[in-house]
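For what it's worth, the UniProt record's numbering labels the leading residue of the sequence shown as 1, then goes sequentially.
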Amino acid sequence: MFKILFIISSYDDKYLFSQIHRSLEEEYPASFSFSFFLCSDLNSSLSEIQSLEKELPESDMIYILLHAGVSSFDKFESCKPFFWKKIPCFIHSTIEDENKEFVEQAGLSISMRYQLEKYYTLGGAENFRNMILYTASMLGEKKYPFENVQYLPWEGIYSSGIRIKEEEEFIKNMAEAPLVIALLFHGKDWNTKRIEVVDSFMKEIEHLGATPYAVFTNSIEDLEIRSKGIRWTLKHYFYHKEKLIPKVLINLMGYSQSIFADPGDGKEIVEKSIFQDLGIPVIQAMSSYQNRETWEKDIRGLDPMALISNVYYPEFDGQLISVTACTCERIKDESGEREVFLPIVERVNKIVRLALSWAKLSIIPNRKKKVALILHNMPPRNDMIGSAFGLDTPNSLKNMTDWFSEIGIFLEYPFESGQEIINKIIQGVSNDRKWLNIEKVMEKSIDNVSKEKYQRWFSELENEVQRKMEEQWGKVPGEVMVYEDKFPIPGIVNGNVFIGLQPSRATEERAEEIYHSTDFILPHQYYAFYKWIKEEFRANVVYHIGTHGTLEWLPGKEIGLSRSCCPDFNIDDIPHLYPYSVNVTGEGLQAKRRSNAVLISHMIPSLTFSDKYEEIEEMDELIKQYYLASLGQDGKKAELKQRIIETALKYHYPMDMNLSEEEIRKDEEIFLTRLHSYIEELKSSVIKDGLHILGEVEKGQRLVSLIHALLYVENSGMMAAEEAVARSLSYSLECLRATPYENKNGKTNLMILDDIRNMTDELIESILKRESYEPIFLKYPEYHVKEEKYIRDLEKNILERILPRIEAGIQEKESILRGVMGKFVLPGQSGCPTRGNINILPTGTNFYAIDPCKIPSRASWNVGKRLAEVLMERYREEEGRFPENIAMIIYSGDTMKTNGDDIAEVLYLMGVKPVWQKNGDRVIGLEVIPYAELQRPRIDVSLRISGLFRDTFPNLIRLIEEAVNMVASLEEEEDINYIKKNIRESTDILLQEGCSIEEAVEFSKLRVFGCPPGTYGTGVSTLIESKNWTRREDLGRAYIQWSAHAYSSHIHGKQLETVFMERLKKTEVTVKNEPSIEIDMLESDDYYAYHGGLTAAIRYVKGENAKSYSGNSSNPQNIKIKSLQEEAARIMRARILNPKWLDGLKKHDYKGALELSSTMDILFGWDATAEIIENWMYDKVMEKYILNPENREWIKKNNSNALLNITEKLLEAEKRGMWKSTAKGKEALSKIYLSIEGDIEEIEE
């Protein structure tokens, strides 16, 4: 008997081979034995693995058929020893590199492998049957009759249940149809007659008045199977006499067609999308491998396999990610189970309506189009209108309306400035109810929604949604933004353009519930606003402006949304575009995946070096004099030393370094070297120089600074700018940094580094002006250019590679206009351009991220190891031992931007490393680092992941779980295996608390925690903004409520507060890493909400603080770590108190002042959660921004509400005892607060 064992990821394959087995048993009794193992069962069941291990040695042939590659079979590496090089094996993976790797060691001849590959790739029952007979004949004792491969049609046109034979005539008729929506599906679906979903789409397209045009194809051109491929299909079927036929394409094929097809090679992302030349929107209709019942109940929305094939990869092509169109149902008969994809008719309707909306956008004359531009407004205050990271929103709006006017979209009048737009909004109706009253609201509102009208809209919602909304917000219309039973519309209308304020989620009004609830649905007004845009304003397209709003974060499925998901029923079928910062990858993809958005990446703001100012300049000069005096017997040295120390004490610099005056006096020389290093670090810190404006390219000094920042480190093979200058002068940056205090001729190496930085700035400026560099070095007579080659290479890189990419940022305008005209927006990469990623430029693209199966990459493994080493070194330096337990904050965006630095760090701390596919970065498993190599204990790490990480990286959650299980099973003593020790202790505690042994063991191994499924955040920032808290412990308690939800391969968001608190009790260290110079921890409320909240939670549980650090890997070759207090002080001095930063903001009027107000919110949040804002910092903020008449008047003139908020936050800090102000300072603040409040009230009147 010939025994064949199948390891497969598809029920379809199992079903077909089962049918074949039955027919072979009838034809050849007792000759064949088939055993089947599904990857999904092997991944989750130990008993299945044991059965597999038992049957493998008895098999004559093994077929491993992996639909999504080895990543779909978690246990592949651990099972390999049972058959590898022992039993003939045919492995087929959709990852071509894997096929190449396995063919060498699978025990088959090249010719046999080739023949099996051909049988299997062509597919179908007859080819599979002949493949089995061929295999048995070649490897078994008997010979069986078999036929050669049968060729099937891979490309064609489908209509009315048949394949069209007269293609030319059909194409001609399609070209004459008025509104054609194309459908693209796989040739395999035609050959297996799995066309129920296609039929459903065609029926819906016809029902809604358009013409369906269904075409099937194979992805790749493959002469062996007579497949012409998708490129041929698009060119042959979608054009008639060079005229494009469809207006929109709905794609039912998974994965990235650009990667699989020419010019793609099936492995790496390609720069040009295969759909680019069509120039029409391409909508990915998603398939779930779950059944309908599971999909409806599962908050995750899509299973891991569908995430890869229907979301991650299609984004590379620039496809618009829609919703789940079909589910996978299992049908049983005598041959076993088979899978059939059946449509979700209502979701099919949604996708078709969306396609029609995009199609009509390309047909409607521009003069008749209506455009909604939505500004974010978080928190809902008048100082925060147009809150968007790194973007001058008002002036970007001004540009956009000008561009729209240029192409014929009707505006009654041109806006003179962005400031005018903001002033008109505030003078009308905004979200800030502090200044609203009934009379004024109804008088100023551009329109309103009556209770009766809203009731009709409300009745369209799912019953469960209606119930939740009324339960939380009251019967229609509720109380939020309701005046005389009407909802006013916040915003202004100019011709056919509506500029509106995204409504508040109003969680501040229910902040007290955050302590015991995480289930917050949107208020009535939110839904009324978006329905008004669709039904009353009748917008043809919506733009949300900047990074980021709240729509995409509303409750509902995490991806693959249903009609009861809040983002889905708000955005509905309106074409949605979203200008978004290119370096905020994760959050951008959330908008793509949960609100059908087409992203339009925009450039980061210009960056500059902090340089020296005020007391920094004073101390810098004293330090230079001190080192010059150190060369001889100058009697001034002692005097200078004391002046430096006194100046440092005066301005609280020792506090930044956690030093007392007593410690300074013990060794003044060491203090002086540390201070020298710190001053140079402050001067060389990178800060923002203003904000970006859509469609504008930096010029002058801001362009110089931006290019310097882009060459901050080696970038895409280009040497870092300062490295090039140093080498031209025969210096090595590495050597200079290694001996920073070496003093030659009165200049330390730190001073030389400072000179090199300044010379680099001047050199870049001369390059841009096409001038000689020689005059620059005349200013620095002690330096001489010895190797000009480096300067010439730098010049070439700037002029030929960097400058063209920056100048091509005008593509932002082109993409915004392509969107309003219903055209395809080019895809592109995202990430941090200053971290070696210049290739993500130019901006203006519908950006994507990375392949999640390639995390951590080989490069990120090296960075992660170094991050771990630096963290352990710092803790050992302070505590004299290794930490046993670390808690890390892990963001999805950082994981994408770095290819997994943080995940690599976690694994290395645990003493585990990835196993990569040969010659690539695809992670196919893990292996333990032996203790003899590790030479330290295995450290236990708990992760507080963001909600977006949960949605995006289920594979990494499983990877961490696997690492924990591997380490826990090692035969090691607990004094070198802290994970094993903690699991034993936790198991005992859980057993004492009544858990079963199975639960206790499972729960004790959990290391990944986050917010509840379908929700986002920590609850902390809402409490702080609402002022609904008393002590730091309140914030810690709320953080636990929102964070004690465990995630693993079997648990999705189960609330396990006891388990989470037990992990916090053991935590000695917390850390959050910053991967780039483009953002710091005082620029976003997420940082204090996640990391600050974590420190508060630990304090609440333990009664004492953990050591808390901020890692910095912006330069992977020079990784740093600081305590939160140290990092806050560095940012405060380098950026927030720096006149250079303020000067950059002053170029942006209202939005510049908004940034100051937001900074005050963040400072306050960090102090409330982590207590890291020192008294002198509050003093300086008051002195620089409130008591300084010039700065105060600038804020008041451009954003008076910002001045009010900064003053109010300072007074609140003083009242809560967070800041000890002087009586005089408090009195001055109070007067200014009352004065500005009165001024605003007068304006409102």
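Each residue gets a CB set at the ideal place from its N, CA and C atoms; glycine is no exception. Just so it is clear, the structure is predicted and the values come from calculations on it, not from any experiment.
Leaving aside the five residues before and after residue i along the sequence, list all residues of the same chain whose C-beta is less than 7 Å from its C-beta, in chain order.
i	result
W1029	L1023 and L1035
D265	A caution first: D265 carries a pLDDT of 49, below 50, which makes its placement in the model too unreliable to give a value.
S200	P343, V345 and V348
S47	none
F415	K398, T401 and I421
Is the beta carbon of residue i sitting closer than 7 Å to the one on residue j?
i	j	result
S1076	S1114	yes
Y908	P937	no
L710	I838	yes
Y848	P833	no
V215	I283	no
G844	G560	no
M1177	M1132	yes
L116	K75	no
S830	N596	no
E807	V697	yes
I791	S728	yes
Starting from the C-beta of residue i, find all residues in its chain whose C-beta is less than 6 Å away, skip the five residues before and the five after it, and write them out in chain order.
i	result
E1155	L1145
S942	A887, R1007 and R1063
E196	L342
L133	Y144 and F146
S450	K486
Over what stretch of residues does the alpha helix (DSSP H) that includes residue i continue unbroken?
i	result
H784	Per DSSP, H784 belongs to no alpha helix (DSSP H) and is neither H nor E.
residue 1246	Because the chain here runs from 1 to 1245, residue 1246 falls outside it and cannot be looked at.
D303	First-last for D303: undefined, no H or E at that position.
H236	G229 to Y237
W154	Neither: W154 is in no alpha helix (DSSP H) and is coded neither H nor E.
Starting from residue i, trace the beta strand (DSSP E) both ways and give me its first and last residue.
i	result
G1053	H1052 to Q1055
T1070	V1069 to E1074
D333	L320 to D333
P1013	Neither: P1013 is in no beta strand (DSSP E) and is coded neither H nor E.
A214	T211 to T217
K165	Per DSSP, K165 belongs to no beta strand (DSSP E) and is neither H nor E.
Per DSSP, residue i is paired with what?
i	result
K688	L607
F36	F6
M888	L943 and V1071
D447	Paired residues: none, contrary to the question.
K913	E927
Cutting at 8 Å between CB atoms, please list the residues of its own chain near residue i, excluding the five before and the five after it.
i	result
Y613	N1138, P1139 and K1140
Q419	P394, D1149, Y1150 and N1198
A1044	F1009, Q1055, L1056, E1057, V1059, F1060 and M1061
V967	M910, G911, V912, V928, R938, N977, I979 and K980
R226	Y151 and W154
Closer than 7 Å, CB to CB, is residue i near chain B or not?
i	result
E471	Absent from the structure is chain B; it holds one protein chain and no more.
- prompt: Between the segment 545-557 and the segment 584-591, do at least 3 Cβ pairs fall closer than 8 Å?
  reply: yes
task: Examine the Cβ distances between the segment 1153-1168 and the segment 1080-1098 and report whether three or more of them are shorter than 8 Å.
output: yes
- prompt: Are the segment 1064-1073 and the segment 996-1015 touching by the rule of at least three beta carbon pairs closer than 8 Å?
  reply: no
- request: Flag this pair as touching only if the segment 425-443 and the segment 478-495 have three or more C-beta atom pairs under 8 Å; answer yes or no.
  value: yes
- prompt: Does the count of Cβ pairs from the segment 1046-1054 and the segment 350-363 closer than 8 Å reach three?
  reply: no
message: Assess contact between the segment 495-508 and the segment 375-391, defined as three or more Cβ pairs (one per stretch) separated by less than 8 Å. Is contact present?
response: yes
- prompt: Using 8 Å as the threshold, is the segment 884-903 in touch with the segment 928-935, meaning 3 or more CB pairs across them?
  reply: no
message: Below 8 Å, how does it come out for the segment 179-196 and the segment 210-226: are there three or more Cβ pairs, yes or no?
response: yes
message: Between the segment 167-175 and the segment 312-323, can you find at least three pairs of beta-carbon atoms closer than 8 Å?
response: no
field: Contact between the segment 662-678 and the segment 567-583 (3+ Cβ pairs under 8 Å)
entry: no
query: Using 8 Å as the Cβ pair cut-off and three pairs as the minimum, do the segment 383-390 and the segment 399-408 touch?
result: no
message: For the segment 847-866 against the segment 805-825, do three or more pairs of beta-carbon atoms, one drawn from each stretch, fall closer than 8 Å, so that the two count as touching?
response: no
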